[in-house]
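Residue numbers (my numbering): 828 to 1136. The C-beta atom is built at its ideal place from N, Cα and C for all residues, glycine as well. Just so we're clear, the structure is a prediction, and the values are computed from it rather than from any experiment.
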Ligand code: GRG
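Spelled out as structure tokens, the structure:
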């Protein structure tokens, strides 16, 4: 027995969760699965363009969240991996389209020339379309050992997330808001809960659904995801001001240049940071019921406010 004034002989690091190793390891297994997910076929150019952006790096946060939530709810990484890959395919397609001249018009993404800079606008549009369609095919054909009704729920959730009720709707309001000086906090929140938050929430909800989580757990985990989703966007806005092109792997300072309303433009940098931290604290509170098992989700939430890229 260990007395109060006696030090335990257990190594102190045994229960400390090493976020950096965890993220590195999870990123590696996700990237291996993504590499296997699409083979080059005819016409080679479109498969190369899809693979170019899909395998260009990135933090792989959405797949990591999906795998972690599935495991927290008692499922396995293997059950969730096709959905984890699909989430990254959808995210990547949204970045390819967002970078096009008709949208955000960027030359760099993930430290490399954007898809349309390498393959032209026509192929970049089609590479995005190809990735989007393939994401759904991949979930439907590759998911194993998951109840069919849960696979259907995952497909429905992904569909809602990318459509007008999610990413597309958020992007439209974002485009309409450009250059306007009277954007309210409510409009800004609509843009980001749809454009950024929806896919992060779907990452968590699909992971839980694959593991057959109950409605209470899904509601709690959705709340966690909504909080980290907004915090993620606030930090994204802050980094657009404070980080360099090299750190971000894309052009920094674009929000100011495009006269976009952002959280720092509404609240200032300091209040934005505080707000992001509050959201992460609330997200972490949602996990208390799960104890130590939720350490990966807690650590990802903390990473979101401390990240520098
Ligand atoms: C989904 C059909 C369909 C169309 C796309 C273009 C568009 C509609 C939506 C834009 C969505 C978008 C680009 C949102 C920004 C989300 C965001 C903060 C991206 C950066 O995510 P990180 O930092 O990037 O996770 P990495 O590169 O690390 O993956």
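Not one heavy atom of the ligand GRG falls within 7 angstroms of the beta-carbon of residue 877.
In its chain, beyond the 5 residues on either side, 977, 980, 981 have a beta carbon closer than 6 angstroms to the beta carbon of residue 1036.
In this structure, 918 is the residue among 918, 1061, 903 with its C-alpha nearest to the C-alpha of residue 963. With a cut-off of 7 angstroms, the C-beta of residue 1053 is classified as distant from the ligand GRG, since no heavy atom of the ligand falls inside that distance. Taken through DSSP and simplified to helix, strand or coil, residue 935 comes out as strand.
Residue 968 has its Cβ no nearer than 7 angstroms to any heavy atom of the ligand GRG. Between the stretch 1025-1036 and the stretch 1046-1063, the count of C-beta pairs closer than 8 angstroms reaches three or more; the two stretches touch. Only exposed fits residue 867, as fewer than 16 other CB atoms lie within 10 angstroms of its CB. In this structure, residue 966 sits near residue 985, with a CB-CB distance shorter than 8 angstroms.
No residue range can be given for residue 974, since it is assigned to no alpha helix (DSSP H) and is classified by DSSP as neither H nor E. As DSSP reads the structure, residue 940 sits in a beta bridge with 935.
Distances from the alpha-carbon of residue 1051 to those of 893, 996, 1107 put 1107 closest. With 16 or more other CB atoms across the displayed protein chains lying within 10 angstroms of its CB, residue 909 is buried. In its chain, beyond the 5 residues on either side, 1051, 1121, 1124, 1125 have a beta carbon closer than 7 angstroms to the beta carbon of residue 1114. Taken atom to atom, the span from the alpha-carbon of residue 1080 to that of residue 975 is near 45 angstroms. Counting of Cβ neighbours within 10 angstroms places residue 950 among the buried residues, the total reaching 16 or more.
Within the same chain, and ignoring the five residues on either side of residue 1031 in sequence, the residues whose Cβ sits closer than 6 angstroms to its Cβ are 892, 896, 1048, 1052.
For residue 1017, the uninterrupted alpha helix (DSSP H) segment begins and ends at 1012-1019. Residue 942 is positioned such that its CB atom lies no closer than 8 angstroms to that of residue 864.
Under the three-pair Cβ rule at 8 angstroms, the stretch 1010-1021 counts as touching the stretch 1085-1095.
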